[in-house]
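Residue numbers (the numbering used here): 175 to 307.
In structure tokens form, the structure reads like this:
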């Protein structure tokens, strides 16, 4: 899996970059949205801030962003990830980093976006933000 990381000559596109879902495969999901398909079909308002118990993450699709602009990309980060030079100039790269595209479909699966559940004491650590995250 780390071929492109250990071999600088073997750089890949974002599409070709190996992807892993170990976190979501091994840990308990939000019982309300146990699968990407359930989350994907849920109304947007159902995916907002709420109390989630017995889970470490919830599947949640990003809200589409309009008029996105890529301001900068770290060449070092691109190299560390094993991405081809110039990959940051592709429309797909911009769509992925803005949350407008992810590598999942209902038919073929893939990696679906997820949010890690906050596990701290809301009242002590963020006070006035309680209930808004």
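No residue lacks a Cβ here, since even glycine has one placed at the ideal position from N, Cα and C.
| When you compare only the Cα positions, how much space is there between residue 184 and residue 282? | Position 10 of the chain shown holds residue 184. Position 108 of the chain shown holds residue 282. Whole-angstrom Cα-Cα distance: 26 Å.
| query | For residue 210, is the classification buried or exposed, using 16 other Cβ atoms within 10 angstroms of its Cβ as the cut-off for buried? | reply | As a working note, residue 210 is residue 36 in the chain shown. Answer is buried; the Cβ neighbour count reaches 16.
| Going by alpha carbons, who is nearest to residue 289 out of 227, 218, 264, 236? | The sequence position of residue 289 within the chain shown is 115, counting from 1. Check the Cα spacing between residue 289 and each of 227, 218, 264, 236: the tightest is with 236.
| query | With burial defined as no fewer than 16 other Cβ atoms inside 10 Å of the residue's Cβ, what is the status of residue 129: buried or exposed? | reply | The chain is shown only over 175 to 307; residue 129 falls outside these bounds and no answer can be derived.
| message | I need the straight-line Cα distance from residue 247 to residue 275, nearest angstrom please. | response | For the purposes of this step, residue 247 is identified with residue 73 of the chain shown, where counting begins at 1. For the purposes of this step, residue 275 is identified with residue 101 of the chain shown, where counting begins at 1. Straight-line Cα distance between these residues: approximately 18 Å.
| task | Could you tell me which residues DSSP puts in a beta bridge with residue 186? | result | Against the chain shown, residue 186 aligns to sequence position 12. For residue 186, which the question treats as bridged, DSSP gives the partners 257.
| query | Across which residues does DSSP place residue 231 in a beta bridge pair? | reply | Along the chain shown, read from residue 1 onward, the residue named residue 231 stands at position 57. Its beta-bridge partners are 203, 290.
| message | When you compare the CB positions of residue 291 and residue 226, do they come within less than 8 Å of one another, or not? | response | Walking along the chain shown from the start, residue 291 turns up at place 117. Walking along the chain shown from the start, residue 226 turns up at place 52. Yes; because the gap between Cβ atoms is below 8 Å, this pair is in contact.
| field | Same chain, Cβ closer than 7 Å to residue 188, five either side skipped, listed in chain order | value | Along the chain shown, read from residue 1 onward, the residue named residue 188 stands at position 14. Taking residue 188 as the centre and dropping the five residues before and after it, the same chain places the C-beta of 257, 261, 266, 267, 270 closer than 7 Å to its C-beta, in chain order.
| request: Please name the residue in 205, 254, 238 whose C-alpha comes closest to that of residue 230. | output: Counting from 1 along the chain shown, the entry for residue 230 is found at position 56. That would be 205, whose Cα lies nearest to the Cα of residue 230.
| request: Could you check how far apart the C-beta atoms of residue 191 and residue 245 are, in whole angstroms? I think they sit under 8 Å. | output: The residue labelled residue 191 in the question sits at position 17 within the chain shown. The residue labelled residue 245 in the question sits at position 71 within the chain shown. In this structure, residue 191 and residue 245 do not form a Cβ contact; the two beta carbons are roughly 22 Å apart against a cut-off of 8 Å.
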